[in-house]
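Working notes, beginning with the structure itself.
Number of protein chains: 2
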Amino acid sequence: MATRKDSSTYSRNEKWIADCDLTYVIAKIGGRWKLQILSALEGKTLRFSDLKKTFSMMTERMLTLQLRALESDGLIKRTVYAEVPARVEYELTPVAVELWPVLDMLSAWGSKHRQLIADTTISSHG
Amino acid sequence: MATRKDSSTYSRNEKWIADCDLTYVIAKIGGRWKLQILSALEGKTLRFSDLKKTFSMMTERMLTLQLRALESDGLIKRTVYAEVPARVEYELTPVAVELWPVLDMLSAWGSKHRQLIADTTISSHG
DNA sequence: GGCCATACTTACACGTTTGTTCGTACCATA
DNA sequence: TATGGTACGAACAAACGTGTAAGTATGGCC
Numbered sequence: 001m002a003t004r005k006d007s008s009t010y011s012r013n014e015k016w017i018a019d020c021d022l023t024y025v026i027a028k029i030g031g032r033w034k035l036q037i038l039s040a041l042e043g044k045t046l047r048f049s050d051l052k053k054t055f056s057m058m059t060e061r062m063l064t065l066q067l068r069a070l071e072s073d074g075l076i077k078r079t080v081y082a083e084v085p086a087r088v089e090y091e092l093t094p095v096a097v098e099l100w101p102v103l104d105m106l107s108a109w110g111s112k113h114r115q116l117i118a119d120t121t122i123s124s125h126g
Numbered sequence: 001m002a003t004r005k006d007s008s009t010y011s012r013n014e015k016w017i018a019d020c021d022l023t024y025v026i027a028k029i030g031g032r033w034k035l036q037i038l039s040a041l042e043g044k045t046l047r048f049s050d051l052k053k054t055f056s057m058m059t060e061r062m063l064t065l066q067l068r069a070l071e072s073d074g075l076i077k078r079t080v081y082a083e084v085p086a087r088v089e090y091e092l093t094p095v096a097v098e099l100w101p102v103l104d105m106l107s108a109w110g111s112k113h114r115q116l117i118a119d120t121t122i123s124s125h126g
């Protein structure tokens, strides 16, 4: 997005990362809000203002940025209605829907091992 | 790790994020190198110098930071041998091993939809 | 005493992500 | 002319992730 020295180690490593299917996915769905936005859109079509209400803790700017990123990555579809007070609706693409089983597994792992890791930390105090 | 204003929106939102199993996992395995380090350790025990050779594109500092983070998250086990030239070995914990089926699914999704999204982008040029 | 190798550690700087604030465009209504 | 609601956009700043360069500690070897 922004201008950057393509020759920097940072950029070179970024390309390395993008070659890996795994890190590629993490880059797409990573970040602070993307997964939560995708969750909110599961099975629903929501307006920008709906999302704004749902995620009252994030600013309009962040919401816009995340929606744009998800759109350009083909994970959500954006539909603009040329009405007087503008209306824009967002919905998941089939691609995004296919992510759910994986995300459910990830979530399950997180739930299980969050507790497990907490226990390990406590028992290692001795 | 660093000092930070706990009252900032940034921090408040961080806590919000940590409550979600999904974003929790992404935080644990996200970042530029963690998944690749975990991959390298799959089924093996490696020394610091081995990892350094494997990831010649990343600096010692980053390697150390990532290993420390993975260790404190209970994903890898660190064993120090009190020998003359220091020897430190890293291996996956059972918790991390259980991540593999999920990561394989993620990777498969990434592989499939990377191509799909590329096609969509091309066809939407008209 | 000085050098070697391993495995770090520290100080500093670059680049990105996230957050704050203010402004834009639309058109109906008052 | 001013106000209202929706969906943004731009300029700026704080915080974090990542990278660079140099230094530390150990103890055997010369």
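Sequence order for the protein chains is A and B.
Residues in the first sequence are numbered consecutively from 1, following UniProt numbering.
Residues in the second sequence are numbered consecutively from 1, following UniProt numbering.
Ideal Cβ placement from N, Cα and C applies to all residues, glycine included.
Since the structure is predicted, the reported quantities are computational estimates derived from the model, not experimental observations.
Between B:E71, B:L22, B:K44 and B:K52, which has its C-alpha nearest L63 (chain B)'s C-alpha? B:K52
Buried or exposed for M58 (chain A), going by 16 or more other Cβ atoms inside 10 Å? buried
Give me the subset of the region 61 to 89 of chain A whose CB atoms are less than 7 Å from a CB atom of chain B, sorted by chain position. D73 and G74
Rounded Cβ spacing between V102 (chain B) and W109 (chain A) (contact assumed at less than 8 Å): 6 Å
Look up V95 (chain B) in the DSSP assignment and say whether it is helix, strand or coil. helix
When you compare the CB positions of I76 (chain A) and L67 (chain A), do they come within less than 8 Å of one another, or not? yes
Output the residue ranges of the beta strand (DSSP E) runs that lie fully inside the region 27 to 75 of chain B and measure 3 residues or longer, sorted by chain position. none
So L92 (chain B) contacts chain A; which residues on that side make the cut at Cβ distance below 7 Å? Ordered by position in chain A, no residue passes the 7 Å Cβ test against L92 (chain B), which lies about 13 Å from the chain.
I'd like to confirm the pairing. Which residues does DSSP put opposite V88 (chain A) in its beta bridges? A:V80
Can you pull the chain A neighbours of D19 (chain B), defined as C-beta to C-beta under 7 Å? Within 7 Å Cβ-Cβ: nothing; D19 (chain B) doesn't reach chain A, min ~10 Å.
Quick one, are the C-beta atoms of T23 (chain B) and L35 (chain A) less than 8 Å apart? yes
S56 (chain A) to W16 (chain B), Cα distance in whole Å? 12 Å
Going by alpha carbons, who is nearest to A40 (chain B) out of B:R32, B:D50 and B:G31? B:D50
Suppose you measure from the CA of D79 (chain B) to the CA of D104 (chain B); what does that come to, to the nearest Å? Note that residue 79 (chain B) corresponds to Thr in the displayed sequence, not to Asp. Whole-angstrom Cα-Cα distance: 28 Å.
Less than 8 Å between CB atoms is the rule here; does I117 (chain A) satisfy it with respect to chain B? yes
Are S91 (chain B) and T54 (chain B) close, meaning C-beta to C-beta below 8 Å? Strictly speaking, residue 91 (chain B) in this sequence is Glu, with Ser absent from that position. In this structure, T54 (chain B) does not lie closer than 8 Å to E91 (chain B) by Cβ.
Measure from the C-beta of L103 (chain A) to each C-beta in chain B and report whether the shortest distance is under 8 Å. yes
For D73 (chain A) and P94 (chain A), what's the separation of their Cα atoms in angstroms? 12 Å
Report the residue from B:A86, B:G30 and B:E60 whose alpha carbon sits nearest the alpha carbon of L70 (chain B). B:G30
C-beta contact flag for R47 (chain A) and V84 (chain A) at 8 Å: no
Could you give the first and the last residue of the continuous alpha helix (DSSP H) run that contains S11 (chain A)? T9 to A18
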